[in-house]
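Chemist: For the record, the sequence lines run as chains B and V.
Everything in the first sequence is counted per my numbering, starting at 551 for the first residue and increasing by one.
Everything in the second sequence is counted per my numbering, starting at 729 for the first residue and increasing by one.
There's a structure below that I have some questions on.
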Amino acid sequence: MRRVVLAFADGAVVAKRNLIKIKRVPDILIFTTMSPIMFVLLFGFVFGSSIHVPGVNYREYLIAGVFAQTVIFGAGFTGSGLAEDMTKGIIDRFRSLPMARSAVLIGRTGSDVLYNSISILVMSLTGLIVGWRIRTSPQQAITGFLILLLFSYAISWVMAYVGLKVSSVQVFQNASFMFIFPVTFIANTFVRSDLLPGPLRVFADWNPVSSVAQAVREAFGNTGSLPQPQVWSLRNPLAYSLIWVVVILIVFVPLSIRQYNQSSKRD
Amino acid sequence: MVSNMIRTEGLVKRYGKVIALDGLDLVVPTGTILGLLGPNGAGKTTAVRILTTLLEPDEGLVEVAGLDVRSHPNQVRERIGLSGQSAAVDEYLTGYENLEMVGRLYHLGRRESRARARELLDGFQLSDAGDRPSRTYSGGMRRRLDLAAALVARPDVIFLDEPTTGLDPRSRVQMWETIEELVRAGSTVLLTTQYMDEADRLAEDIVVVDKGRIIAHGTSDDLKLQVGGERIETVLANPDDVAPAQTILARLSVGEVRIDEQSRRLTAAVTDGTEVLRQVLQRFADANIAVVDVGLRRPTLDDVFLMLTGHVAEEANGTTGENSDGRPDSHPRDGRQKEVVR
């Protein structure tokens, strides 16, 4: 018990340090707020103007997809932050201190929840401007925001692992883009997954990004009069998304902590 | 209090096929400073990383503050401070925030961490810059902050990994003075460096490493003694005189005559410096050899190092040049004979 308390206390110290950095480097905050705005406007107007999904206002439909995609990009911040700390020797400083072995990761993923919250807030405000509305109760809406944060938190741990594994921020960014693009596009984020061909459809149906987008869409009441999805994952998007969150955390929390303990800048 | 703050025996570390440490034995008695001297890639940083729990050794015994580093890493971390190449300060945090954070992570508590941070900033002449992000600091200031971070928890053992690499001469001297104060205050320090003058000035005891092995060990004076007494160094005016001058010097010197053709500089170890110098000048004059510069100097660690590592390279495909206790055996002297000009 004492160890867990200590890990979170140390984690809080690290999280505070990460947040100070966001304060000191305004570029980070500008990027945090600009890119979600850009995504909402870009997808809303470029795709929203030319794609028509029968039974639903497409601009409203894709907002949940943009949310899901953006928080995954946001989770990438965890990995690039750790990769940067590693190349600069900050991780070595931390590892030489008698702090909990999990603290740097707890702090990093923790501060990135706040980072992602800011980006969700900004996206929501931009969404409201382009015509997106929450058509459900506040409780349901909160569920929608929570599942976004939970999912991005879980992805943060995946990114942490990759960020500690690669040798530089550059490599991390290339690697994460190769992961983020297919995973967020072969999904029901921007199109209806049931209209995709064969294998793509299966992938999209069972892709947790789809279920998160679907859960958020339902939580905000943005499904219009679309037909009920056929597959279990999308009929029970909240449950299916939560299963993924739990599984990712069970696998990647210990894996990332182990990687942290082994990682060290080489001379 | 344990008598030896740092002790390693037969330390081995491999990176794939590359052997970074090849049986390193170190002993640093409590309250002393050991200089670990070697070129880039000699294994200095690897040794520091293992001693500071950042890296697992493949073989060997490692003890810091009487604790086995492998079985009690966290207890070791409570008693050490690390500074230099191996660890960094956060450039986005102010000096104060950096030190306060480190204090919190040593679990000194909020109030103590804050007080200690201010105290250290004062002690390292950083109080004026304490509330500025450290990326605005000069190289020397950043190193001082880095060293301060290592001292936050008043550690028993301090590891300084190339603390002055990349610093301008003035900052180097400042850093040396700070380190000297630490040692006077009774800290146990392991210092790695690739600069001879640094080891010479700071470290009582010096271990020279190359390719992961100890090639020499002793005080600065011991090491210089191995190379012989004083040096005569002369620069000739005319390149054609190099050969005859070499012959003259070889007759009067005790060891090798080192020649740098480019600058026409000849260096020779001698026993009775002033007398030999007089004779050399006399014979040069007899042979009509004009000199631009001539002088007598004490051997530097550069001489030691050049000699020792030079031989290791020569013997790389033959038998090893070290005894198991890590002290150089007679091979270097055999090697030196090859360079003697007769």
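Yeah, the Cβ is synthetic: ideal placement off N, Cα and C, and Gly gets one too.
(1) In chain B, what lies closer than 8 angstroms to residue 808 of chain V by C-beta?
(2) What residues in its chain sit with their C-beta under 6 angstroms from that of residue 774 of chain V, if we drop five residues either side in the sequence?
(3) Determine the burial state of residue 802 of chain B: buried for a count of at least 16 other Cβ atoms within 10 Å of its Cβ, exposed for fewer.
(4) Is there contact here, the segment 638-655 of chain B with the segment 772-791 of chain B, by at least three beta-carbon pairs under 8 angstroms?
(5) Under 8 angstroms Cβ-Cβ, which residues of chain B neighbour residue 861 of chain V?
(6) Measure how close the beta-carbons of residue 665 of chain B and residue 772 of chain B come, nearest whole angstrom, since I'm counting them as under 8 angstroms.
(7) For residue 988 of chain V, does the three-state DSSP call read helix, strand or coil?
(8) Check whether the segment 642-652 of chain B touches the segment 815-826 of chain V, taking contact to mean three or more Cβ pairs, one atom from each stretch, closer than 8 angstroms.
(9) Should residue 821 of chain V be flagged as near chain B, meaning a C-beta pair shorter than 8 angstroms?
(10) Using the beta-carbon of each residue, which ones in chain B are nearer than 7 angstroms to residue 918 of chain V?
(11) Kindly say whether residue 640 of chain B, judged by its beta-carbon, lies nearer than 8 angstroms to any beta-carbon of chain V.
(12) Whose C-beta lies closer than 8 angstroms to the C-beta of residue 1029 of chain V among residues of the same chain, with five residues either side of it excluded?
(13) Indicate whether at least one CB of chain V lies closer than 8 angstroms to the CB of residue 560 of chain B.
(14) Report the neighbours of residue 571 of chain B on chain V: residues whose CB is nearer than 8 angstroms to its CB, in chain order.
(15) Are the segment 723-735 of chain B and the segment 729-736 of chain V touching by the rule of at least three beta carbon pairs closer than 8 angstroms?
(16) Where does residue 1046 of chain V fall in DSSP's three states?
(17) Just checking: is the beta-carbon of residue 673 of chain B within a distance shorter than 8 angstroms of some beta-carbon in chain V?
(18) What is the rounded straight-line gap between the Cα of residue 569 of chain B and the Cα of residue 621 of chain B?
(19) Starting from residue 755 of chain B and walking both ways along the alpha helix (DSSP H), at which residues does that stretch end?
(20) Using only CA atoms, which one of V:812, V:908 and V:905 lies nearest to residue 889 of chain V?
(21) Looking at C-alpha atoms only, which residue of B:584, B:624 and B:632 is the closest neighbour of residue 710 of chain B?
(22) Please list the segments of the beta strand (DSSP E) lying wholly inside the segment 672-735 of chain B, counting only runs of 3 or more residues, in order along the chain.
(23) What did DSSP end up calling residue 571 of chain B once you bin it into helix, strand or coil?
(24) Around the Cβ of residue 619 of chain B, are there at least 16 other Cβ atoms within 10 angstroms (buried) or fewer (exposed)?
(25) If we ignore side chains and look at the alpha-carbon of each, how far apart do residue 994 of chain V and residue 1016 of chain V end up?
(26) Does any residue of chain V have a CB that is nearer than 8 angstroms to the CB of residue 567 of chain B?
(27) Can you give me the Cβ contacts of residue 561 of chain B inside the same chain, cut-off strictly under 7 angstroms, excluding the 5 residues immediately before and after it?
(28) Run through the DSSP bridge pairs and tell me what residue 945 of chain V is partnered with.
(29) Beta carbon of residue 910 of chain V, beta carbon of residue 886 of chain V: below 8 angstroms?
(30) Is residue 783 of chain V helix, strand or coil when you go by DSSP?
(31) When the distance is taken between beta carbons, is residue 998 of chain V closer than 8 angstroms to residue 957 of chain V?
(32) Quick one: any contact between the segment 859-874 of chain V and the segment 836-847 of chain V, if contact means 3 or more CB pairs under 8 angstroms?
(33) What three-state label does DSSP hand residue 886 of chain V in the structure shown?
(34) With a cut-off of 8 angstroms, does the C-beta of residue 674 of chain V fall near any C-beta of chain B?
(35) Could you compute how far the alpha carbon of residue 1032 of chain V sits from the alpha carbon of residue 946 of chain V?
(36) Which residues, in order along the segment 786-803 of chain V, keep a beta-carbon less than 7 angstroms from a beta-carbon of chain B?
Modeler: Reading it off the structure:
(1) 646
(2) 741, 748 and 749
(3) buried
(4) no
(5) 574
(6) Rounded, the Cβ-Cβ distance is 25 angstroms, inconsistent with contact.
(7) strand
(8) yes
(9) yes
(10) Simply none; closest approach about 13 angstroms.
(11) yes
(12) 765, 924, 925, 927, 928, 934, 948, 951 and 952
(13) yes
(14) 818, 820 and 821
(15) no
(16) For residue 1046 of chain V, the predicted structure reports a pLDDT of 34, less than 50, and the residue's modelled location is therefore unreliable. A value from the coordinates is still provided. Three-state result, residue 1046 of chain V: coil.
(17) no
(18) 18 angstroms
(19) 748-756
(20) V:812
(21) B:632
(22) none
(23) helix
(24) buried
(25) 16 angstroms
(26) yes
(27) 653, 656, 657 and 660
(28) V:935
(29) yes
(30) coil
(31) yes
(32) no
(33) strand
(34) The structure shown does not extend to residue 674 of chain V, since chain V spans only 729 to 1070, so no value can be given for it.
(35) 12 angstroms
(36) 802
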